[in-house]
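In our numbering, the protein residues as written are 585 to 875. We put the beta carbon where it would ideally sit given N, CA and C, even for glycine.
Put into C-alpha cells, the structure is as follows:
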C-alpha cells in the first residue's frame with residue numbers, strides 16, 4: 585500500500601497527523617517524478633496538495649491549508665482539459681471559492697457599513713478599525729472590483745489618520761492606495777486616472793507634513809494626469825491645479841516649457857488648505873475621497 589493510499593485511510597479513520605505524514609511522503613515522490621513527466625504525475629500531485637490542504641484546515645492551520653489548496657487549484661487548472669480527476673476537482677474547488685468569496689464580500693460590506701456609521705457620528709478612531717479590516721479583506725479577494733474598493737478604503741483611511749494626526753499611518757495608507765492602483769494600471773491603462781489621483785493625494789500629504797513645496801508624487805501626478813485629460817475630469821482639475829503652482833512655473837521656465845497650455849486652473853492650495861483636506865467635508869475628500 586503506497587503513501588497516498590495510506591493517507592486516505594488515515595483520513596477516513598480521523599487520524600490527520602498520521603495522514604499528514606503519509607501525504608508529505610507522497611508529495612515528495614510525486615514532485616520528483618513530475619519534474620520529468622508533468623502531464624503524468626502533476627494530476628495525482630494536485631490531489632495530494634488538496635488532501636494536505638484539507639488536513640491542515642481540520643487542524644486549524646490556516647496558512648498551511650491555504651497554501652496547499654491554492655497549489656491544488658492552480659495545478660488542476662493547468663490540467664483540467666486533459667485529466668478528468670483535475671477537471672472534477674477544479675470544478676468543485678471553483679464552486680467552493682465562489683461561495684467563500686460571496687460570504688467574505690458580505691462580511692466586508694458589513695464592516696464598511698459599520699465604519700461609515702462611526703464616521704458619520706464623528707468617531708474617526710472607531711471608523712478606522714472597521715475600514716482597516718474591510719480593506720485587508722478586499723485585498724485578499726480576486727478581481728479588479730475588489731482591489732479598487734480596497735484602494736478607495738485606503739484613501740479614506742489616509743484622510744482619517746491624517747485628521748487624527750497619525751501621520752505615519754496616514755502615509756502608509758496613501759502608499760497602499762497608490763500601490764494597488766499601480767498594479768491595476770499595469771494590467772489596464774484605464775486605471776491611470778486612479779494612479780494620478782493617488783499620487784496627488786500622497787503628494788499633498790507630503791507637501792503639508794514635510795513642508796515640501798514640491799515632491800516626486802506631485803510631479804508624477806501632473807505627468808500622469810496630463811495623459812488622461814480627455815477621459816477624466818479629476819485629472820483635468822489635478823493638471824490645472826498643479827500647472828498653476830509656483831514650483832511648476834519655475835521648473836517650466838527653467839526648461840523652457842510653456843506653462844499656459846490649458847485654460848485657467850483652480851489656483852494653488854496653501855499648506856493650511858492642504859491640511860484642511862483631512863476633514864471629512866474638505867474639498868479633497870469631496871473630490872478624491874470615497875466614490
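Burial state of residue 822, where buried means 16 or more other Cβ atoms lie within 10 Å: Counting from one through the chain shown, the residue named residue 822 turns up at place 238. Result: buried.
Integer Cβ distance of residue 711 from residue 717, believed to fall under 8 Å: Position 127 of the chain shown, counting from 1, holds the residue named residue 711. Position 133 of the chain shown, counting from 1, holds the residue named residue 717. About 11 Å separates the two Cβ atoms, so there is no contact after all.
N-terminal and C-terminal residue of the alpha helix (DSSP H) that residue 698 is part of: What you label residue 698 is simply residue 114 of the chain shown in a count that begins at 1. Here the alpha helix (DSSP H) through residue 698 covers 668-704.
Member of 762, 709, 700 and 730 whose CA lies at the smallest distance from the CA of residue 747: Numbered from its first residue, the chain shown carries residue 747 at position 163. Here the closest residue by C-alpha is 709.
Backbone secondary structure at residue 725 - three-state DSSP: Here residue 725 is taken as the residue at index 141 of the chain shown, counted from 1. Three-state result, residue 725: coil.
Supposed contact pair residue 695 and residue 630 - C-beta distance, whole angstroms, cut 8 Å: If you number the chain shown from 1, residue 630 lands on position 46. If you number the chain shown from 1, residue 695 lands on position 111. Not really, about 34 Å apart at Cβ, beyond 8 Å.
Within the region 703-769, ranges of the alpha helix (DSSP H) (whole runs, at least 4 residues): 708-724 and 728-747
Burial state of residue 830 (16 or more Cβ within 10 Å): Taking the chain shown and counting its residues from 1, the one referred to as residue 830 is at position 246. That one is exposed.
Distance, residue 606 Cα to residue 752 Cα: By one-based count along the chain shown, residue 752 stands at place 168. By one-based count along the chain shown, residue 606 stands at place 22. Each residue's Cα considered, the two are about 48 Å apart.
Extent of the continuous alpha helix (DSSP H) run through residue 624: What you label residue 624 is simply residue 40 of the chain shown in a count that begins at 1. First-last of the alpha helix (DSSP H) with residue 624: 622-642.
For residue 652 and residue 677, believed in contact at Cβ under 8 Å, the rounded distance: Counted from its first residue, the chain shown places residue 677 at position 93. Counted from its first residue, the chain shown places residue 652 at position 68. At roughly 12 Å, the Cβ-Cβ gap does not stay under 8 Å, so residue 677 and residue 652 are not in contact.
Where residue 847 falls, given that 16 or more other Cβ within 10 Å makes a residue buried: By 1-based counting over the chain shown, the position of residue 847 is 263. Confidence at residue 847 is low in this model, with a pLDDT of 41, below 50, so the placement of that residue is unreliable and no value is reported for it.
Alpha-carbon to alpha-carbon, residue 655 and residue 689: Within the chain shown, the letter at position 105 stands for residue 689. Within the chain shown, the letter at position 71 stands for residue 655. Roughly 23 Å between the two C-alpha positions.
Cβ pair residue 759, residue 736 closer than 8 Å: Counting from 1 along the chain shown, the entry for residue 759 is found at position 175. Counting from 1 along the chain shown, the entry for residue 736 is found at position 152. No; because the gap between Cβ atoms is not below 8 Å, this pair is not in contact.
Inter-stretch contact (C-beta, 8 Å, three-pair minimum) for the region 759-776 and the region 737-744: yes
Exposed unless 16 or more other CB atoms sit within 10 angstroms - verdict on residue 816: Here residue 816 corresponds to residue number 232 of the chain shown, with the count starting at 1. Residue 816 should be labelled buried.
Counted within 10 angstroms of its Cβ, other Cβ atoms place residue 727 as buried (16 or more) or exposed: Position 143 of the chain shown holds residue 727. Residue 727 should be labelled exposed.
Pair within 8 Å by beta-carbon distance, residue 813 and residue 820: Stepping through the chain shown from its first residue, residue 813 is reached at position 229. Stepping through the chain shown from its first residue, residue 820 is reached at position 236. In contact: residue 813 and residue 820 (Cβ atoms closer than 8 Å).
With 16 other Cβ atoms within 10 Å as the buried cut-off, status of residue 693: In the chain shown, counting from the first residue as 1, residue 693 sits at position 109. By the 10 Å Cβ count, residue 693 comes out exposed.
Beta-carbon proximity list for residue 733, same chain, < 6 Å, skipping 5 on both sides: Residue numbering aside, residue 733 sits at position 149 when the chain shown is read from its first letter. The residues are 722.
Contact set for residue 858: own chain, Cβ-Cβ below 7 Å, skip 5 residues either direction: Within the chain shown, numbered from 1, the residue matching residue 858 stands at position 274. At residue 858, the pLDDT of 42 sits below 50, so the modelled position is not reliable; the number obtained from the coordinates is stated separately. These residues qualify, in order along the chain: 788, 791 and 792.
Option in 775, 809, 779 and 826 with minimal Cα separation from residue 797: Residue 797 sits at position 213 when you count from the first residue of the chain shown. Looking at the Cα atoms, 826 is the closest of the given residues.
Whole-angstrom C-beta distance between residue 632 and residue 662, which should lie under 8 Å: In the chain shown, the residue the question calls residue 662 occupies position 78. In the chain shown, the residue the question calls residue 632 occupies position 48. With a Cβ gap of about 15 Å, residue 662 and residue 632 do not count as contacting.
Burial state of residue 691, where buried means 16 or more other Cβ atoms lie within 10 Å: Numbered from 1 along the chain shown, position 107 holds the residue referred to as residue 691. The residue is exposed, with fewer than 16 neighbouring Cβ atoms inside 10 Å.
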